[in-house]
Amino acid sequence: AVCVYRTCDKDCKRRGYRSGKCINNACKCYPYA
């Protein structure tokens with residue numbers, strides 16, 4: 013699957029995380045910026 017930054021970030025925020033980033037084409041959620 014291709015990680016799209018905007019989608020990843022929005023998905024992470026909806027799950028209560030601070031932000032999301034694409035690492036090795038995978039979405040990673042972070043509790044901090």
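Position one of the sequence shown corresponds to residue 13 (the working numbering), numbered consecutively onward.
Even for Gly, the Cβ is constructed at its ideal location relative to N, Cα and C.
Computed from a predicted model, the values in this text were never measured in an experiment.
Segment limits, beta strand (DSSP E) that includes residue i
i, result
"residue 42", "38-42"
"residue 32", "31-35"
Residue interval of the alpha helix (DSSP H) (run including residue i)
i, result
"residue 15", "Note, residue 15: premise wrong, no alpha helix (DSSP H); not H, not E."
Supposed contact pair residue j and residue i - C-beta distance, whole angstroms, cut 8 Å
i, j, result
"residue 30", "residue 44", "5 Å"
"residue 34", "residue 23", "Actually they are not in contact, since the Cβ atoms of residue 34 and residue 23 sit about 12 Å apart, beyond 8 Å."
"residue 37", "residue 15", "5 Å"
Distance CB(residue i)-CB(residue j) smaller than 8 Å
i, j, result
"residue 42", "residue 28", "no"
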